[in-house]
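The structure appears right after this line, and notes come after that.
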Amino acid sequence: MMKTRADMPTMGSWDNRIRSFWNRTPSFSCLYTDENYGGAGTFFNDAPGQGATNYSWDLDRKISSIKFVPNERDCDNTPYSGWYAEPAPSTPGFGDLDRDGRADLLSRDRGGRLWFVSGTGDGTLISGGWNSMTALTRHGDLNGDGHGDPLARDSFGTLWLYPGTGHGTFGTRTSLGGGWKSMNALTAPGDLNGDGHGDLIARDTSGKLWLYPGTGRGPFATRKLIGSSGWGQMSTFLGVGDVDGDGDGRLDLVAATQDLYENPHAGSTADQLRLYPGNGKGSLAKYRLVQQSWYDLNGGF
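Each number in this note's numbering comes from the position in the sequence shown (counting from 1) with 159 added on.
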């Protein structure tokens with residue numbers, strides 16, 4: 160009897176002598192009729208712990224090499240197809256502020272300073288004075304330069320666009336107008352109407368939901384009402400990409416009612432997580448209930 164857990168490109172004195180085989184390793188075993196894991200493509204794959212139940216008698220006294228692999232695909236020695244492609248110019252990925260291919264974060268501390276946290280895990284201080292802003296949101300290229308641009312509203316109700324530079328910093332801010340104090344929630348979910356420009360969603364104090372279509376030049380086009388009632392009960396809403404399972408590539412919206420507390424009363428809608436599928440034309444379909452009895456554990460949702 161011979162025991163091994165190591166790959167054996169040759170079998171030595173056991174070459175062409177094995178008549179039964181048992182695999183007790185956590186890996187797949189590959190048995191070959193030639194040395195160095197060859198033999199006109201002939202191999203035998205034995206799944207982990209499966210033992211000799213699938214042993215092929217065609218290999219009786221014909222095994223000349225053995226190897227153990229994590230995936231049965233690795234038994235046949237066929238090279239994987241190449242995944243390399245020349246990089247092409249493209250818009251930044253979701254949340255990528257420095258164009259390194261990784262999603263990044265913006266964080267405002269209690270002192271009013273804004274931090275850029277790159278996808279590599281280290282943070283860079285951008286500037287101070289951000290405590291004067293009553294709302295801050297970002298996603299999408301709003302001025303057509305290929306970089307993600309945050310939006311911020313100050314205490315006077317003016318909405319500001321901070322053009323991204325692609326290096327985790329911003330250019331000179333641009334005013335997008337006043338009157339935004341009437342909005343109590345802002346989120347930039349990406350391109351909701353399918354025109355290739357990032358859009359803004361805002362909720363006014365009466366609970367109506369408005370879409371502000373991006374133009375790719377900074378200012379927004381004429382706003383569109385996309386929710387006439389019921390949005391006042393939402394504690395938060397945000398764009399999450401295409402998550403409704405239809406694979407249409409259209410951005411969807413997720414919203415949470417009230418404070419997401421536990422043990423609701425029967426029939427309560429106070430702690431629901433809802434999915435509003437986008438239609439790619441700037442409107443939302445009727446919501447689907449994702450889950451009842453969601454509750455906020457850390458105040459972050």
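Ideal placement from N, C-alpha and C gives every residue a C-beta, glycine not left out.
Bear in mind the structure is a predicted one, so any value in this text is a computation, not a measurement.
Q: Within its chain, find whatever has a CB closer than 7 Å to the CB of residue 444; leave out the 5 residues flanking it on each side and keep chain order.
A: Start at 1 with the first residue of the sequence shown, and residue 444 comes out as number 285. Contacts found: 435, 436 and 438.
Q) Relative to the C-alpha of residue 287, which residue among 277, 272, 299 and 293 is closest? A) In the sequence shown, the residue the question calls residue 287 occupies position 128. From the listed residues 277, 272, 299 and 293, the smallest Cα separation to residue 287 is found for 272.
Q) Taking DSSP as the reference, what is the three-state secondary structure of residue 233? A) For this step, residue 233 is matched to residue 74 along the sequence shown. Of the three classes helix, strand and coil, the one that applies to residue 233 here is helix, per DSSP.
Q) In three-state DSSP terms, what is residue 398? A) Mapped onto the sequence shown, residue 398 falls at position 239. Strand, per DSSP.
Q. Residue 339: buried (16+ other C-beta within 10 angstroms of its C-beta) or exposed?
A. Position 180 of the sequence shown, counting from 1, holds the residue named residue 339. It is buried - the Cβ of residue 339 has at least 16 other Cβ atoms within 10 Å.
Q | Element boundaries [beta strand (DSSP E), containing residue 332] | A | Position 173 of the sequence shown, counting from 1, holds the residue named residue 332. No beta strand (DSSP E) contains residue 332, which DSSP labels as neither H nor E.
(Q) Please report the straight-line C-alpha distance between residue 269 and residue 230, rounded to a whole angstrom. (A) Sequence index remark: in the sequence shown, residue 269 carries index 110 (1-based). Sequence index remark: in the sequence shown, residue 230 carries index 71 (1-based). One Cα belongs to residue 269, the other to residue 230, and the distance between them is close to 50 Å.
Q. Which of the three DSSP states, helix, strand or coil, is assigned to residue 289?
A. By 1-based counting over the sequence shown, the position of residue 289 is 130. Three-state result, residue 289: helix.
Q) Short check: CB of residue 308 to CB of residue 320, under 8 Å? A) In the sequence shown, the residue the question calls residue 308 occupies position 149. In the sequence shown, the residue the question calls residue 320 occupies position 161. Yes, the Cβ-Cβ distance between residue 308 and residue 320 is below 8 Å.
Q. Does DSSP put residue 200 in a helix, a strand or coil?
A. Position 41 of the sequence shown, counting from 1, holds the residue named residue 200. Reliability fails at residue 200, whose pLDDT of 46 lies under 50, so the model's placement of it is uncertain and the value that follows must be treated cautiously. Strand at residue 200.
Q: Count the other CB atoms, across all protein chains shown, that sit within 10 Å of the CB of residue 221; report buried if there are 16 or more and exposed otherwise.
A: Taking the sequence shown and counting its residues from 1, one reaches residue 221 at position 62. Note on residue 221: 16 or more other CB atoms within 10 angstroms of its CB, so buried under the neighbour-count rule.
Q: Identify every residue that forms a DSSP beta bridge with residue 277.
A: To locate residue 277, count along the sequence shown from 1; it is residue 118. Paired residue(s): none; residue 277 is not in a bridge.
Q. Do the region 350-357 and the region 325-335 touch if we need at least three Cβ pairs shorter than 8 Å?
A. no
Q. Distance, Cα to Cα, residue 470 vs residue 274?
A. Because the chain here runs from 160 to 460, residue 470 falls outside it and cannot be looked at.
Q | Length of the line joining the Cα atoms of residue 264 and residue 277 | A | Sequence index remark: in the sequence shown, residue 264 carries index 105 (1-based). Sequence index remark: in the sequence shown, residue 277 carries index 118 (1-based). Cα to Cα, the separation comes out at about 6 Å.
**Q.** Cα-Cα separation between residue 366 and residue 360, rounded to whole angstroms
**A.** Residue mapping note: residue 366 aligns to position 207 of the sequence shown, counting from 1. Residue mapping note: residue 360 aligns to position 201 of the sequence shown, counting from 1. Cα-Cα distance, rounded: 12 Å.
**Q.** For residue 226, the first and last residue of its enclosing beta strand (DSSP E)
**A.** Taking the first residue of the sequence shown as 1, we reach residue 226 at position 67. Residue 226 -> beta strand (DSSP E) spans 224-228.
**Q.** Cβ distance (whole Å) where residue 344 is taken to contact residue 362 below 8 Å
**A.** On the sequence shown, residue 344 is found 185 positions in, with the first residue counted as 1. On the sequence shown, residue 362 is found 203 positions in, with the first residue counted as 1. With a contact defined as Cβ atoms closer than 8 Å, residue 344 and residue 362 qualify at about 4 Å.
**Q.** N-terminal and C-terminal residue of the beta strand (DSSP E) that residue 342 is part of
**A.** The count along the sequence shown starts at 1 and reaches residue 342 at position 183. Its beta strand (DSSP E) spans residues 342-349.
Q) Taking buried to mean at least 16 other C-beta atoms within 10 Å of its own C-beta, is residue 175 buried or exposed? A) In the sequence shown, residue 175 corresponds to position 16, counting from 1. So residue 175 ends up on the exposed side.
(Q) Measuring straight from C-alpha to C-alpha, what distance separates residue 177 and residue 166? (A) Here residue 177 refers to the residue found at position 18 of the sequence shown. Here residue 166 refers to the residue found at position 7 of the sequence shown. For residue 177 and residue 166, the distance between alpha carbons rounds to 16 Å.
(Q) Suppose the cutoff is 6 Å on Cβ atoms and the five residues either side in sequence are ignored; what does the same chain contact list for residue 193 look like? (A) Locating residue 193 in the sequence shown gives position 34, counting from the first residue. Counting only Cβ-Cβ distances below 6 Å, and skipping sequence neighbours, we find 223.
Q: Return the chain-ordered list of same chain residues with a C-beta closer than 6 Å to the C-beta of residue 212, the five sequence neighbours on each side being excluded.
A: The sequence position of residue 212 within the sequence shown is 53, counting from 1. Residue placement at residue 212 is flagged as unreliable, the pLDDT there being 44, under the threshold of 50; a coordinate-derived value is accordingly withheld.
Q.
For residue 441, which residues in the same chain have their Cβ closer than 8 Å to its Cβ, ignoring the five residues on either side in sequence?
A. Along the sequence shown, one-based indexing puts residue 441 at 282. Around residue 441, the same chain offers 351, 352, 353, 358, 370, 372, 383 and 385 as residues with beta carbons nearer than 8 Å, after the five sequence neighbours per side are excluded.
Q. Is the shortest distance between the beta-carbon of residue 292 and the beta-carbons of chain E less than 8 Å?
A. Considering every chain present, this structure includes no chain E. It has just one protein chain.
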